[in-house]
Amino acid sequence: MKLKLRSLIALSVLATLGVFVFQVIWLNSSYQLSKDKIANEAKTVLDEAIIEHRELVAERVRRLLIKAINPSDIETQVHWKMPDSQHVQLGYRTKRFPNASWTTFKVSAKELNKVQGSPYPLLLDRINKGNLDVLDGVYSTFVGIVHYEPNSWEDKLQDSLMRCFYLHEDTAILNKIIKRRLETLNYHLSTQIVYQKGINEIYNKKSTVNKILQAEATQVVEMVSDNRYHPLNEQLDSLNAYVQKLGESSDMIYVVKPILNDIANTLHFGVPFIILVVKVNPSNILNQMLFSIMGSCLLFLLIGSCLTYMFYTILKQKKLSEIKDDFIGNVSHELKTPVATALAAIQGMQYFGVLKDKEKTTMYLDASAKEMQRLSVMIDNILNSSIYERSDFNLHIIKFNLRDMLTEMINIQELHSKKKVKIELTYQAKEEVFADKTHLYNVFINLIDNAIKYGREEVLVKIECFESTTSLKIDISDNGSGIPITYQKSIFDKFFRVPSPNDHSVKGHGLGLNYVKNIIEKHKGKIKLIKSDDNGSIFEINLPQ
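Structure below.
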């Protein structure tokens with residue numbers, strides 16, 4: 001049985017550990033998925049923020065260009081006709097510099113004369129509708145090439161326009177846009193923008209972005225470290241690989257965005273780029289996973305509780321089985337004695353001529369009757385043991401003198417006991433009480449009988465009655481050898497007896513203290529063992545009044 005139980009415990013522990021490991025793996029995967037979700041959101045936010053930032057800058061450039069360009073300084077020239085013969089490319093430049101480069105716009109051939117006659121409205125329309133690359137061409141042709149007097153308003157205007165086109169180096173506004181968009185998505189994260197003019201700057205500055213992964217990242221993108229030409233796609237793949245490496249060993253999320261030309265969407269050599277660094281506080285992700293974590297913990301606790309309860313039930317059933325075996329042995333011995341005594345008396349009368357002797361016949365019949373009566377009481381106690389536990393069992397509550405009842409009981413016990421017994425009564429409470437007299441009498445008989453049976457050769461029992469504000473307190477102590485601490489919690493269990501292997505000298509079947517506990521609780525009272533050692537035991541009864 002022990003080997004089977006140990007095997008069951010070992011398998012259950014292994015199964016529980018297996019569930020725990022799988023839960024940890026699942027939660028870790030959920031954590032990574034949540035982090036990847038934030039990374040995807042950050043990438044989308046970066047893309048949208050760059051578009052919004054470019055639009056803000058473009059709007060500012062438009063206002064400054066319209067302020068800077070003088071309509072009277074515009075010179076136009078047809079460059080070539082479009083293949084459809086319906087449109088032409090019309091060039092614009094400033095009259096101040098005859099050798100300046102042209103910026104061209106597509107114009108309908110039908111409107112050519114009108115536009116050449118009044119070129120400013122078309123230029124104004126292209127400025128209002130153009131993106132930053134178009135505006136950069138207009139700026140270079142009309143403003144960037146002109147040399148103004150230092151510190152003049154034109155010079156300051158030119159400087160303001162020029163700085164607008166370095167928008168990627170001005171990361172403060174972009175970072176504000178990103179934070180605002182992330183907060184809109186309910187992400188309160190710390191962010192930082194890192195702008196690089198080219199991918200090789202990562203290797204030229206050892207302190208850039210991440211020192212630890214410098215060598216590893218260099219190996220990943222070794223092909224660009226030689227400063228030779230590589231196709232744009234290869235450069236972007238290397239850049240993405242580098243950024244992915246950065247995010248593998250930290251709580252940071254790195255999102256890269258190459259800055260490509262708005263028109264062609266390509267660059268032939270170095271790729272400028274923006275890296276968005278998002279510091280992810282693990283507690284933020286864990287808060288999002290709170291229900292998953294709580295569910296996993298509850299599942300683990302539920303499994304652990306079920307297994308614990310299962311082992312408790314198994315051990316309890318094992319203990320009950322042992323108690324049952326002891327009970328059967330004790331009851332068998334208890335039943336055998338009166339049966340054997342009565343049988344011997346009957347056989348004596350039957351085979352040894354006792355029936356002719358009236359005095360002996362009466363003696364034998366009295367002995368048989370007493371044994372049968374004891375057997376009947378014993379059987380009644382066993383049959384009635386379950387009745388006292390039923391909810392529909394009712395007490396017969398009456399008012400009686402408890403002190404007189406205890407005095408009468410003490411006299412009977414001292415008179416009929418085979419041992420030398422002394423019972424002392426200390427009564428300091430109201431003598432009249434409300435209780436079931438018969439069952440309460442049996443409670444005291446059981447407790448005193450146990451004190452005598454398990455006591456020394458000279459038994460001393462003390463009964464002390466005190467009165468509190470709400471209850472009657474009764475202490476019953478003896479001078480016996482006590483109950484081992486191992487068994488003290490089980491003494492009120494049904495059929496339980498303190499083990500005494502192969503010793504049937506002390507009569508009993510393990511129902512007495514269980515009966516006592518049930519009767520006291522039916523009175524809405526409490527009984528407990530407050531002390532038990534080599535000097536004896538003390539039981540305390542509290543009966544509400």
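The numbering of the sequence shown is the UniProt record's numbering, which starts it at 1 and goes up by one. Beta carbons are placed, not taken as given, at the ideal position from N, Cα and C, and that holds for glycine.
Which of helix, strand or coil does DSSP assign to M409? helix
Within the same chain, show all residues whose beta-carbon is closer than 6 angstroms to that of E222, passing over the 5 residues directly before and after it, in chain order. Residue placement at E222 cannot be trusted, given a pLDDT of 46 that sits under 50; the coordinates are not used to answer.
Alpha carbon to alpha carbon, how far is H396 from D436? 5 angstroms
Using only alpha-carbon positions, find the residue among R497, I474, D475 that is nearest to P484. R497
With a cut-off of 8 angstroms, do at least 3 Cβ pairs link the segment 26-42 to the segment 123-140? no
What residues match up with S515 in a beta bridge as DSSP calls it? Just to set this straight, residue 515 is Tyr in the shown sequence, not Ser. DSSP lists no partner for Y515.
Can you say whether V21 is buried or exposed, counting buried as having 16 or more other CB atoms within 10 angstroms of its CB? exposed
Here's the rule I'm using: 16 or more other beta-carbon atoms within 10 Å means buried, otherwise exposed. How should C465 be labelled? buried
Indicate whether the contact test is met: 3 or more Cβ pairs, each with one atom in the segment 154-163 and one in the segment 61-68, closer than 8 angstroms. yes
So, with DSSP's three-state summary, where would you put Q77? strand
With three or more beta-carbon pairs closer than 8 angstroms as the criterion, would you say the segment 454-471 touches the segment 485-494? no
I need the straight-line Cα distance from K419 to Y388, nearest angstrom please. 31 angstroms
Inter-residue spacing [alpha-carbon to alpha-carbon] between S532 and I538: 6 angstroms
For F142, the nearest candidate out of I127, S152, N151, A451 (CA to CA): I127
Quick one: give me the first and last residue of the alpha helix (DSSP H) that A451 is part of. 437-453
Mapping DSSP to helix, strand and coil, what is V13? helix
At 4 residues or longer, what runs of the alpha helix (DSSP H) sit wholly inside the segment 265-311? 282-288
Thinking I74 and Y120 are a contact (beta carbons under 8 angstroms), I'd like their distance in whole angstroms, please. 6 angstroms
In three-state DSSP terms, what is E431? coil
Can you give me the C-alpha to C-alpha distance between F300 and V19, rounded to a whole angstrom? 8 angstroms
DSSP state of K524 mapped onto helix, strand, coil: coil
With respect to the alpha helix (DSSP H) encompassing N542, which residues constitute its N-terminal and C-terminal limits? Here N542 belongs to no alpha helix (DSSP H); instead the beta strand (DSSP E) covers 536-544.
V255, DSSP secondary structure in three states: strand
Here's a check: name, in chain order, each residue in its chain whose Cβ is nearer than 6 angstroms to the Cβ of K522, leaving out the five neighbours to either side. L395
Per DSSP, what are the beta-bridge partners of S108 in this structure? H87
Just the C-alpha distance for Q488 and G329, rounded to the nearest angstrom, thanks. 22 angstroms
Using a Cβ-Cβ cut-off of 6 angstroms (strictly less than) and excluding sequence neighbours within five positions of I51, which residues of its own chain qualify? none
To the nearest angstrom, how far is it from the Cα of K430 to the Cα of I382? 35 angstroms
Compare the Cα-Cα distances from S376 to each of K399, P338, L365 and report the closest residue. P338
Segment limits, beta strand (DSSP E) that includes I476: 471-478
Answer yes or no: do I178 and A58 have a C-beta to C-beta separation smaller than 8 angstroms? no
By the DSSP assignment, the beta strand (DSSP E) with L460 in it spans what residues? 458-467
Quick one: is E371 buried, meaning 16 or more other Cβ sit within 10 Å of its Cβ, or exposed? buried
Under 6 angstroms Cβ to Cβ from I476, same chain only, skipping five residues before and after it: list those, please. L447, I463, F539
Just to confirm my understanding: we take V256, look at its own chain, exclude 5 residues before and 5 after, and list those with CB closer than 6 angstroms. What are they? L239, V243, F273, I275
Do you know how far the Cα of Y515 is from the Cα of Q545? 21 angstroms
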